[in-house]
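Asker:
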Amino acid sequence: MGSFDQDGADCTGICRRKASTSGWWRFYFADERWQWSPEVERIYGYQARTARPTTELVLSHKHPDDYEHVAATLKDIRRLHNPFSTRHRIVTVQGDTRDVIVIGERLRKNCGNTIGFYIGVTLRGTRLVVQSLCDLGLMGRGPL
1 MGSFDQDGAD
11 CTGICRRKAS
21 TSGWWRFYFA
31 DERWQWSPEV
41 ERIYGYQART
51 ARPTTELVLS
61 HKHPDDYEHV
71 AATLKDIRRL
81 HNPFSTRHRI
91 VTVQGDTRDV
101 IVIGERLRKN
111 CGNTIGFYIG
121 VTLRGTRLVV
131 QSLCDLGLMG
141 RGPL
């Protein structure tokens, strides 16, 4: 059985293998509200269920060399509501730099929400994520 968020959507697809290097997030366009899975909180260095994600918090963790790219991507997402993906670096609460891949897709055509996944870039995490994305039908099974 999946892990369901408050809107009843099954958000465990990419996390079902319990990899600590991946997790789900959701963004609500109407009030610019974020939700993070406990796994995403840990990617950022927070204890599970302690962070209150906002756009400002998300941007505050971006590596200085990647900040402008990520800020522009977020601006486009909020304006166009299009799917996206990006690879960039974050700086955790502890000051460590981590490479991440972030994928975002509209949850439902007319609901105005986006759901996505954070992936900490490690060999193990990448393999788990590729398998999960294939299982979800979001990626073909060919070589990367």
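Be aware that the sequence shown starts at 1, since it is given in full-length UniProt numbering, and climbs by one per residue.
A virtual CB, placed ideally from N, CA and C, is assigned to each residue, including glycine.
As the structure is a computational prediction, the values presented were derived from the model and not from experiment.
Give a yes or no on contact between the stretch 69 to 81 and the stretch 35 to 47, applying the rule of three or more CB pairs nearer than 8 Å.
Answerer: With the cut-off at 8 Å, the stretch 69 to 81 and the stretch 35 to 47 do not touch.
Asker: Tell me which residue opens and which closes the beta strand (DSSP E) that Arg79 is part of.
Answerer: Counted from its first residue, the sequence shown places residue 79 at position 79. Note, Arg79: premise wrong, no beta strand (DSSP E); alpha helix (DSSP H) at 67 to 80.
Asker: Please name the residue, chosen from Thr73, Lys75, His61, Arg79, that lies closest to Asp96 on a Cα-to-Cα basis.
Answerer: Start at 1 with the first residue of the sequence shown, and residue 96 comes out as number 96. Comparing Cα-Cα distances from Asp96 to each of Thr73, Lys75, His61, Arg79, the minimum goes to His61.
Asker: Tell me the residue span of the beta strand (DSSP E) that contains Glu105.
Answerer: On the sequence shown, residue 105 is found 105 positions in, with the first residue counted as 1. Looking at the DSSP string, the run of the beta strand (DSSP E) that includes Glu105 is 97 to 106.
Asker: Bridge partners of Ile115, per DSSP?
Answerer: As a working mapping, residue 115 is identified with position 115 in the sequence shown. Note: Ile115 sits in a beta bridge opposite Arg26, Glu105.
Asker: Between Val93 and the rest of its own chain, which residues show a CB-CB distance below 7 Å, the 5 nearest in sequence each way excluded?
Answerer: The residue labelled residue 93 in the question sits at position 93 within the sequence shown. Excluding residues within five positions, the ones whose Cβ falls inside 7 Å are Tyr44, Gly45, Tyr46.
Asker: Comparing C-alpha positions only, which one of Glu32, Trp34, Val40 sits nearest to Ile101?
Answerer: Walking along the sequence shown from the start, residue 101 turns up at place 101. Looking at the Cα atoms, Val40 is the closest of the given residues.
Asker: From what residue to what residue does the alpha helix (DSSP H) around Val58 run?
Answerer: On the sequence shown, residue 58 is found 58 positions in, with the first residue counted as 1. Per DSSP, Val58 belongs to the alpha helix (DSSP H) from 55 to 60.
Asker: At what residues does the alpha helix (DSSP H) containing residue 150 begin and finish?
Answerer: Not covered by the structure: residue 150. The range shown for the chain is 1 to 144.
Asker: Using DSSP with H/G/I as helix, E/B as strand and the rest coil, what is Arg33?
Answerer: By 1-based counting over the sequence shown, the position of residue 33 is 33. Three-state DSSP puts Arg33 in a strand.
Asker: Taking DSSP as the reference, what is the three-state secondary structure of Arg87?
Answerer: Residue 87 sits at position 87 when you count from the first residue of the sequence shown. In the structure shown, Arg87 sits in a strand (DSSP, three-state: E or B).
Asker: Return the chain-ordered list of same chain residues with a C-beta closer than 8 Å to the C-beta of His81, the five sequence neighbours on each side being excluded.
Answerer: Taking the sequence shown and counting its residues from 1, one reaches residue 81 at position 81. The answer, listed in chain order, is Phe29, Arg106, Gly112, Thr114.
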